[in-house]
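Before any comments, here is the structure.
Number of protein chains: 2
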Amino acid sequence: MTTVKEVCRLAGVSTATVSRALKNPELVSAKTRERVFKAVQESGYRPNMLASSVKTGKSNSLVVLVPNLSNPFFMRIIQGIEQAAHEQGYSVLLGDTQGEPAREHEIAGMVLSNRADGLIHLDHSFPFSANDAHLAERVPVVSVCERIMGDKEFPVIELDNYAATRSLAKHLVNYGHKKFGIIAGQRDSQIHLDRLAGIKDVFATEGISFNEDMIVGGAYSIEMGQQGARDLMAKENRPTAIFCFNDDIALGTVFELKRMGIRIPQDVSVVGFDNIKVSAFIDPPLTTIDQPAHDMGRRAVEVVLQIIKGVPLKRNREIFPYNILERESSGPVNPDF
Amino acid sequence: MTTVKEVCRLAGVSTATVSRALKNPELVSAKTRERVFKAVQESGYRPNMLASSVKTGKSNSLVVLVPNLSNPFFMRIIQGIEQAAHEQGYSVLLGDTQGEPAREHEIAGMVLSNRADGLIHLDHSFPFSANDAHLAERVPVVSVCERIMGDKEFPVIELDNYAATRSLAKHLVNYGHKKFGIIAGQRDSQIHLDRLAGIKDVFATEGISFNEDMIVGGAYSIEMGQQGARDLMAKENRPTAIFCFNDDIALGTVFELKRMGIRIPQDVSVVGFDNIKVSAFIDPPLTTIDQPAHDMGRRAVEVVLQIIKGVPLKRNREIFPYNILERESSGPVNPDF
DNA sequence: GGTATATTTGCAATCGATTACATTAATAAC
DNA sequence: GTTATTAATGTAATCGATTGCAAATATACC
Numbered sequence: 001m002t003t004v005k006e007v008c009r010l011a012g013v014s015t016a017t018v019s020r021a022l023k024n025p026e027l028v029s030a031k032t033r034e035r036v037f038k039a040v041q042e043s044g045y046r047p048n049m050l051a052s053s054v055k056t057g058k059s060n061s062l063v064v065l066v067p068n069l070s071n072p073f074f075m076r077i078i079q080g081i082e083q084a085a086h087e088q089g090y091s092v093l094l095g096d097t098q099g100e101p102a103r104e105h106e107i108a109g110m111v112l113s114n115r116a117d118g119l120i121h122l123d124h125s126f127p128f129s130a131n132d133a134h135l136a137e138r139v140p141v142v143s144v145c146e147r148i149m150g151d152k153e154f155p156v157i158e159l160d161n162y163a164a165t166r167s168l169a170k171h172l173v174n175y176g177h178k179k180f181g182i183i184a185g186q187r188d189s190q191i192h193l194d195r196l197a198g199i200k201d202v203f204a205t206e207g208i209s210f211n212e213d214m215i216v217g218g219a220y221s222i223e224m225g226q227q228g229a230r231d232l233m234a235k236e237n238r239p240t241a242i243f244c245f246n247d248d249i250a251l252g253t254v255f256e257l258k259r260m261g262i263r264i265p266q267d268v269s270v271v272g273f274d275n276i277k278v279s280a281f282i283d284p285p286l287t288t289i290d291q292p293a294h295d296m297g298r299r300a301v302e303v304v305l306q307i308i309k310g311v312p313l314k315r316n317r318e319i320f321p322y323n324i325l326e327r328e329s330s331g332p333v334n335p336d337f
Numbered sequence: 001m002t003t004v005k006e007v008c009r010l011a012g013v014s015t016a017t018v019s020r021a022l023k024n025p026e027l028v029s030a031k032t033r034e035r036v037f038k039a040v041q042e043s044g045y046r047p048n049m050l051a052s053s054v055k056t057g058k059s060n061s062l063v064v065l066v067p068n069l070s071n072p073f074f075m076r077i078i079q080g081i082e083q084a085a086h087e088q089g090y091s092v093l094l095g096d097t098q099g100e101p102a103r104e105h106e107i108a109g110m111v112l113s114n115r116a117d118g119l120i121h122l123d124h125s126f127p128f129s130a131n132d133a134h135l136a137e138r139v140p141v142v143s144v145c146e147r148i149m150g151d152k153e154f155p156v157i158e159l160d161n162y163a164a165t166r167s168l169a170k171h172l173v174n175y176g177h178k179k180f181g182i183i184a185g186q187r188d189s190q191i192h193l194d195r196l197a198g199i200k201d202v203f204a205t206e207g208i209s210f211n212e213d214m215i216v217g218g219a220y221s222i223e224m225g226q227q228g229a230r231d232l233m234a235k236e237n238r239p240t241a242i243f244c245f246n247d248d249i250a251l252g253t254v255f256e257l258k259r260m261g262i263r264i265p266q267d268v269s270v271v272g273f274d275n276i277k278v279s280a281f282i283d284p285p286l287t288t289i290d291q292p293a294h295d296m297g298r299r300a301v302e303v304v305l306q307i308i309k310g311v312p313l314k315r316n317r318e319i320f321p322y323n324i325l326e327r328e329s330s331g332p333v334n335p336d337f
């Protein structure tokens with residue numbers, strides 16, 4: 001590995017000059033600058049980022065904590081994160097927790113061990129171990145699309161989940177639906193509560209009774225969508241419209257309903273949440289809420305970098321606008337169903 | 001930030017002892033070891049990974065270079081990579097190139113600048129800039145599911161693409177199909193050629209003439225699938241069976257054909273490649289080739305770690321077995337179509 | 001008990017950068 | 001031409017660890 005010394009030798013200057021020529025070229029005369037560049041070129045020198053990080057105390061990396069990489073929605077966020085991070089000269093460390101707290105603590109620990117300068121959290125769990133909890137204060141953290149549970153309020157980039165489900169609910173109510181089912185993802189998160197609140201709110205003003213019994217599910221997966229569809233259709237008072245709390249669930253629901261011979265939307269309307277890519281290409285295309293995932297990922301980078309740099313945040317919560325996409329999986333109620 | 005000095009102070013020992021107590025506990029007496037642990041506990045000390053990396057020359061990170069994060073197939077590989085890496089104490093840096101060579105060079109450069117110890121490449125392009133090409137020799141690289149073009153032969157973990165398309169072709173020929181279309185992804189890659197070879201081979205033995213004209217497409221995307229379907233159906237001699245070179249393309253093809261009123265598989269059979277999750281849940285479920293993406297990702301980590309550690313590889317190419325999934329998007333030829 | 005050997009510990013060099021401070025060279029001012 | 005400023009460079013300390021070597025301590029052996 002060629003080090004700065006080799007460049008020094010070739011250019012006939014000190015390490016200080018080499019370092020300056022590369023990081024603060026304006027501090028070095030044009031003549032020697034050129035000499036250094038040539039020496040760098042010849043020797044194929046690459047500064048050791050780690051060494052420089054030790055000295056400067058900045059790793060120029062961010063770590064992204066994902067509950068489950070196989071959810072395509074997260075990929076859109078991560079893509080935005082990766083892009084923005086790169087533009088700012090940061091690299092992205094990836095950590096898939098698979099829902100395991102131990103794994104989560106390790107990943108969050110990357111910031112504590114100087115491997116990363118900040119953490120972007122795509123889940124709602126408190127990412128530090130009990131031991132490290134007091135250290136969390138010093139760690140730049142921002143969560144995206146989820147709100148971190150716990151005493152400390154971390155900055156968050158989120159969707160207006162409440163308003164989004166309100167508009168979905170209104171959309172379905174306008175079509176005449178009165179009997180609803182909900183297939184939820186993880187039920188202990190804030191976004192679950194927010195989404196539920198939006199639905200309940202519309203029901204209240206429309207005089208539709210809400211019943212805990214109409215909620216099934218408990219994980220954001222296609223299989224849960226299938227299971228949920230079966231569970232809802234087995235009820236004596238089966239719904240004519242189903243809220244799926246993400247598009248993966250909706251995919252499973254649509255698939256399973258069709259398999260049961262139930263037509264969408266003629267018999268049952270199905271709506272999703274997130275707008276993953278395939279949602280537009282299934283049969284029927286899914287009515288869903290479009291989250292600006294890419295932009296939210298980008299914004300998360302800006303915010304966490306702001307925290308890292310010590311710039312005070314204007315606000316701790318940033319609410320991004322949703323967009324309801326009325327596609328063909330929802331339609332007028334079928335009174336004969 | 002608490003450093004080792006603070007622990008020294010609390011435990012009343014030297015930095016050497018602290019370092020040893022943490023990395024090589026057996027070199028330290030039980031008594032002082034406990035004292036050090038207690039001091040670590042009290043102070044909330046976390047060793048600075050970067051500092052240790054500078055000294056040891058190992059960053060304990062791998063960088064993954066992905067052409068496009070939004071392709072769900074890559075996520076399965078990455079998930080395998082992430083898991084295996086974590087088990088080995090490595091962390092994963094993510095780089096999305098978006099097909100830009102400049103970006104690719106930067107990402108590959110992470111290994112040259114000691115940010116990562118090795119590179120896992122999910123694309124077929126040569127990842128180094130012309131300038132760095134000679135440095136590539138020193139960089140542990142392995143490619144997964146693609147073979148890197150260029151003079152140097154990098155180790156590769158790949159599917160038996162040739163045999164896989166052979167079996168797809170046989171599957172369709174057995175159903176009586178004689179008129180085929182192919183919607184390709186990137187055409188300049190080795191896997192494209194391998195897959196094509198498999199198809200051509202079956203055609204040759206079955207007496208089916210092959211025609212470059214039956215190949216359309218040029219990118220692995222849903223939209224390309226739609227476009228390809230339209231292109232193929234506009235031909236005077238339109239096919240009754242379509243090979244899509246990945247599942248994203250197949251999704252678009254299925255969607256578009258159905259929109260054109262063409263029934264699958266009654267009128268046209270469609271087969272994909274990769275077996276992404278949703279392939280099983282679209283209508284009709286997709287006949288496709290299952291790649292053990294997760295395992296291939298895992299294996300890639302093992303191989304690149306072997307290179308890093310200087311253990312000679314038994315073989316430079318590892319071919320993983322495919323699995324043909326005959327689902328409902330393929331069926332007997334319709335002579336009246 | 002005395003010597004040989006093994007176990008623990010500490011000192012100080014080192015990894016490859018960055019940077020405060022000092023020094024030298026160049027330019028400006030009069 | 002001399003002095004005051006500014007620009008360019010170098011020396012050496014530093015970041016926070018790891019580790020070779022030596023010193024100190026403990027254990028084994030006769």
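Residue numbers (UniProt numbering), protein chains in the order written: chain L, 1 to 337; chain U, 1 to 337. Virtual Cβ for every residue (Gly too), placed ideally from N, Cα, C.
Residue i versus residue j: straight-line alpha-carbon distance, rounded
i                      : j                      : result
residue 207 of chain L : residue 201 of chain L : 10 Å
residue 263 of chain U : residue 233 of chain L : 29 Å
residue 311 of chain L : residue 51 of chain U  : 27 Å
residue 282 of chain U : residue 283 of chain L : 7 Å
residue 270 of chain L : residue 191 of chain L : 20 Å
residue 58 of chain L  : residue 89 of chain L  : 12 Å
residue 114 of chain U : residue 277 of chain U : 36 Å
residue 112 of chain U : residue 140 of chain U : 10 Å
residue 122 of chain U : residue 9 of chain U   : 48 Å
residue 60 of chain L  : residue 3 of chain U   : 20 Å
residue 161 of chain L : residue 178 of chain L : 22 Å
residue 109 of chain L : residue 79 of chain U  : 20 Å
residue 148 of chain L : residue 128 of chain L : 11 Å
residue 146 of chain L : residue 309 of chain L : 24 Å
residue 70 of chain U  : residue 296 of chain L : 16 Å
Whole-angstrom C-beta distance between residue j and residue i, which should lie under 8 Å
i                      : j                      : result
residue 157 of chain L : residue 318 of chain L : 5 Å
residue 32 of chain U  : residue 17 of chain U  : 6 Å
residue 144 of chain U : residue 249 of chain U : Rounded, the Cβ-Cβ distance is 20 Å, inconsistent with contact.
residue 155 of chain L : residue 303 of chain L : 6 Å
residue 125 of chain L : residue 104 of chain L : 6 Å
For residue i, three-class secondary structure by DSSP
i                      : result
residue 150 of chain L : coil
residue 303 of chain L : helix
residue 43 of chain U  : helix
residue 187 of chain L : coil
residue 37 of chain L  : helix
residue 297 of chain L : helix
residue 281 of chain L : helix
residue 340 of chain U : This structure leaves residue 340 of chain U out entirely; chain U is present only between 1 and 337.
residue 15 of chain L  : helix
residue 317 of chain U : strand
residue 172 of chain U : helix
residue 286 of chain L : coil
residue 167 of chain L : helix
With 16 other Cβ atoms within 10 Å as the buried cut-off, status of residue i
i                      : result
residue 27 of chain L  : exposed
residue 313 of chain L : exposed
residue 260 of chain U : exposed
residue 187 of chain U : exposed
residue 134 of chain U : exposed
residue 118 of chain L : buried
residue 165 of chain L : buried
residue 95 of chain U  : buried
residue 256 of chain L : buried
- Continuous beta strand (DSSP E) assignments of at least 3 residues falling wholly in the region 110-136 of chain L: Complete beta strand (DSSP E) runs here, min 3: 118-121.
- Query: At which residue ranges does the region 198-277 of chain L contain complete beta strand (DSSP E) runs of 3 or more residues, listed in the order of the chain?
  - Reply: Complete beta strand (DSSP E) runs here, min 3: 215-217, 241-244, 269-271.
- May I have a chain-ordered list of the alpha helix (DSSP H) segments no shorter than 4 residues that lie completely inside the region 48-120 of chain U? The qualifying runs are 49-56, 72-87, 101-112.
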